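**Student:**
Dropping the structure here:
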């Protein structure tokens, strides 16, 4: 199919081989730039005429005529290329390959570059470029274009509404630029039917002629380049920034270019959301990249709305800011929810209509050929609350805004060129009608990143630090990813900022606040800085370390074999939930007051190393009415569903229910909420373990609150157990004397008090000289009152 000799035809010849030695380093500065630029109209010295195998310095000059500009050909002097009668390949600045055509009237030592070429190479008119001849076959035979994706649009104000046939456009492109070399990112101008078109190469695929029949086309890297042949396939995509129309054929239907062909998720600077982006693309964009009539043939409509929800700081708003990078379309309209509301009557609804005005106009003019209009609605819950809830200050504005949005998304005049992306932290507050199919029908949870996602996010936030040599060699990103469980992307960013502040602090002069030490140029952010930052930055949906540490202050005293058995049983429950054998497990930890129920439940939770542990205490709800308590408990359980492993410790459940023995009385509403929340199974893959402590087991039985398992916590009952606690404290020399005094005072050998009372007695006895006698007095009173 391909003939290497025919590629150059009768007009050209194969370029000479590449140079055997590079340009001398003395002519470059440390960054590779030339130190001595050539003056205007000055000829380079020391170069034999016609020998361009060595890199030489050329200045830029104006093209002789428009044929060079619209032919993507650079003009060079025939004096520099006396042996070349036809076009030659030149390598510019060691990176860009162009086709050059010798001209007899062109000044020696100069080269012409069109505006698209200079934009592609990032070269200014006053720059000096490095030029040498290029051999496309120096790296093997895989130098031909099998196919390439090209974005096409109007280059100027002159345009037409007549659709362009892809096959005719590809044929004209091949005839105009045949045998030229193309690479991703390259831009060319083409005069087609007296209308200038700008074309940008997005991706290329090269073929190996020798193995074409057996292996076919092979994908290449973004830095690949190849020669255009009549057999090269060109796939065109519309530049949505210009009103150009493409028409397909029976052989090749016109495809929409909603997603840029060269798009990569890592370009967005968002880590840990690869799976979510894949789902978004499949649901919202996959049907739009096919020809316009295909969805109609299948009998489906495009998705018009996506709802992104999840905890704060997980990247929802970041997606809103970065989503334009993945789209080959007009810039999305980004609006914050509160910006819609206006104090004037009817203005809020008018703001909603304005968002859809451009889409409605284009839909009427172009129908299925209309481009995609994207509206990104951040903080959607601010204006789209449940109708009838009183949103909008009782004026009904909130309801009217929701109604207006519903009618635009899926009203009488349906729009098929709209995609609304809503974002919220409170999905439960949004009106249900907005969440049904045909409106915001795709619900995507942007959850807390896993370990792999956290590693990606850490690399993103430390990339500049690492590239500039500021990050220490001992920083272990993988280790930090393990230690940042339940951190959101925003919290990881805060962690990096905190670590940087610790590194900066080392270079502040002693005794000053603003003076900087001279060693600031050698600043490094070390692993120790990140470790200190971990103590400072805590995740919102993490472990309640302070509350749990306070609950087990002083540690667990294993005064009885029962304590070891309780800890072992708790560990079994942990493994049962961790293995996802039981996704929802509730355990009642009951016993007398002061027996250490909360401390044991907290110790079991801490030893589990679950990423989310929350201690819920009655004091957290002081001053709340019934409705506020229910909302608080609902939020606690909802937060527990966001992590892969979760533990809730409901301390003194009888007090949370407002139970008092006088009456007796309790809150029926809170009781119903607790029953419902404890029976509600968590989402798939988010197992939940609930520990509830109480000193009123019979009360919970009467209230018909059921638990899957129970753990009984005993008092300190025997003299041996009391002696063990006294010995563990290290405060008594004559333990047996104290026990004998207690027995003589109370008249019985059984102790029967909680561990908290024993510890309180030890703390009281430490205040006097005769600690043994004072301890015996205090404990005798506790035992008598029991």
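In full-length UniProt numbering, the protein residues as written are 1 to 786. C-beta atoms are modelled at their ideal positions from N, C-alpha and C, and glycine is treated no differently. What you are looking at is a predicted structure, and each value in this text was computed from that prediction instead of being measured.
(1) What residue ranges within the region 161-208 form continuous alpha helix (DSSP H) runs of no fewer than 4 residues, ordered along the chain?
(2) Pull up the CB-CB distance for residue 791 and residue 608, whole angstroms please, since I reckon it's below 8 Å.
(3) On the premise that residue 409 lies in contact with residue 439, defined as a C-beta separation below 8 Å, what is that separation, rounded to the nearest angstrom?
(4) Going by DSSP, what residues sit across from residue 336 in a beta bridge?
(5) Who are the near neighbours of residue 775 in its chain, counting only those whose CB is closer than 6 Å to its CB and skipping five residues on each side?
(6) Do you know offhand how far residue 468's Cα is from residue 525's?
(7) Beta-carbon within less than 7 Å of residue 557's beta-carbon, same chain only, minus the 5 sequence neighbours each way: which residues are those?
(8) Tell me the DSSP secondary structure of residue 465 in three-state form.
(9) Quick one, which of 700, 64 and 684 has its alpha-carbon nearest residue 664's?
(10) In angstroms, rounded to a whole number, what distance separates the CA positions of residue 632 and residue 588?
(11) Please report the straight-line C-alpha distance between residue 627 and residue 280, rounded to a whole angstrom.
(12) Which residue's Cα is closest to the Cα of residue 303: 441, 682 and 578?
(13) Buried or exposed for residue 622, please, with buried defined as at least 16 other CB atoms from any protein chain shown within 10 angstroms of its CB.
(14) Who are the Cβ neighbours of residue 155 in its own chain at under 8 Å, not counting the five residues just before and after it?
(15) How is residue 724 classed by DSSP in three states: helix, strand or coil?
(16) Would you mind sorting residue 59 into buried or exposed? The rule is 16 or more other CB atoms within 10 Å of its CB.
(17) Near residue 639, what residues of its chain come up, given a Cβ to Cβ distance below 6 Å and the 5 sequence neighbours on each side ignored?
(18) One question on the structure: do residue 76 and residue 106 come within less than 8 Å of each other, judged by their Cβ atoms?
(19) Name the DSSP beta bridge partners of residue 385, please?
(20) Please name the residue in 404, 423 and 361 whose C-alpha comes closest to that of residue 336.
(21) Please state the DSSP three-state secondary structure of residue 774.
(22) Within the same chain, show all residues whose beta-carbon is closer than 8 Å to that of residue 471, passing over the 5 residues directly before and after it, in chain order.
(23) Could you tell me the boundaries of the beta strand (DSSP E) in which residue 702 lies?
(24) Please go through the same chain and pick out, in chain order, the residues whose beta-carbon is closer than 7 Å to the beta-carbon of residue 352, but skip the five residues on each side of it.
(25) Starting from the C-beta of residue 599, find all residues in its chain whose C-beta is less than 6 Å away, skip the five residues before and the five after it, and write them out in chain order.
(26) Taking C-alpha atoms, which residue in 363, 617, 625 and 649 lies nearest to residue 606?
(27) So what does residue 709 bridge to, in DSSP terms?
(28) Could you check if residue 591 is buried or exposed, using at least 16 other CB atoms within 10 Å of its CB as the buried criterion?
(29) Would the beta-carbon of residue 477 fall within 8 Å of that of residue 448?
(30) For the UniProt domain "CDC48 N-terminal subdomain" (57-137), list the beta strand (DSSP E) runs that are entirely contained and at least 3 residues long, ordered along the chain.
(31) Would you tell me roughly how many angstroms separate the C-alpha atoms of residue 657 and residue 697, rounded to the nearest one?
(32) How many angstroms separate the CA atom of residue 642 from the CA atom of residue 560?
(33) Closest to residue 152 by CA distance: which of 625, 282, 247 and 430 is it?
(34) Please report the distance separating the alpha-carbon of residue 104 from that of residue 81.
(35) When you compare each of 747, 300, 719 and 445 to residue 437 by their alpha carbons, which one comes out closest?
(36) Would residue 219 be called buried (16 or more neighbouring beta carbons within 10 Å of its own) or exposed?
**Tutor:** Let me lay it out:
(1) Qualifying alpha helix (DSSP H) stretches, in chain order: 166-177.
(2) The structure shown has nothing for residue 791, since the chain only spans 1 to 786.
(3) For a cut-off of 8 Å, the C-beta gap from residue 439 to residue 409 is around 5 Å, short enough to register as a contact.
(4) For residue 336, DSSP records a beta bridge to 378.
(5) Closer than 6 Å at Cβ, skipping near neighbours: 738, 761 and 765.
(6) If I take the Cα positions, the gap works out to 12 Å.
(7) Taking residue 557 as the centre and dropping the five residues before and after it, the same chain places the C-beta of 725, 728 and 755 closer than 7 Å to its C-beta, in chain order.
(8) If DSSP states are grouped into helix, strand and coil, residue 465 belongs with the helices.
(9) For residue 664, the nearest C-alpha among the options comes from 700.
(10) When rounded, the separation of the alpha-carbon atoms in residue 632 and residue 588 is 21 Å.
(11) Taking the straight line from one Cα to the other gives about 37 Å.
(12) In this structure, 441 is the residue among 441, 682 and 578 with its C-alpha nearest to the C-alpha of residue 303.
(13) When all chains shown are included, residue 622 counts as exposed.
(14) For residue 155, where only same-chain residues beyond five positions count, the Cβ hits under 8 Å are 189, 196, 197 and 198.
(15) Shown here, residue 724 sits in a helix according to DSSP, grouped into three states.
(16) When all chains shown are included, residue 59 counts as buried.
(17) Excluding positions up to five away in sequence, the list reads 541.
(18) Yes. Within cutoff.
(19) Per DSSP, 430.
(20) Of 404, 423 and 361, the smallest CA-CA separation from residue 336 is found for 423.
(21) Three-state DSSP puts residue 774 in a helix.
(22) Only 462, 465, 524 and 525 meet the Cβ criterion.
(23) Where residue 702 is concerned, there is no enclosing beta strand (DSSP E), although the alpha helix (DSSP H) around it starts and stops at 697-702.
(24) Excluding residues within five positions, the ones whose Cβ falls inside 7 Å are 340, 401, 404, 405 and 408.
(25) Once the five neighbours on either side are set aside, the close Cβ partners of residue 599 are 551 and 552.
(26) Ranking 363, 617, 625 and 649 by Cα distance to residue 606 puts 649 first.
(27) Beta-bridge pairing links residue 709 to 587.
(28) Classification of residue 591: buried, given that the 10 Å Cβ count is 16 or more.
(29) No, the pair does not count as a contact, with Cβ atoms beyond the cut-off.
(30) Runs of the beta strand (DSSP E) lying entirely within the UniProt domain "CDC48 N-terminal subdomain" (57-137), each at least 3 residues long, are 73-77, 88-92, 96-103 and 128-133 in chain order.
(31) One C-alpha to the other measures close to 13 Å.
(32) Answer to the nearest angstrom: the Cα atoms are 38 Å apart.
(33) Measuring from the Cα of residue 152, the nearest candidate turns out to be 247.
(34) Residue 104 and residue 81: Cα-Cα distance of roughly 10 Å.
(35) When 747, 300, 719 and 445 are compared, the shortest CA-CA separation from residue 437 is found for 300.
(36) Reliability of the predicted coordinates at residue 219 is poor, the pLDDT of 48 falling under 50, and the value obtained from them is presented with this limitation in mind. Result: exposed.
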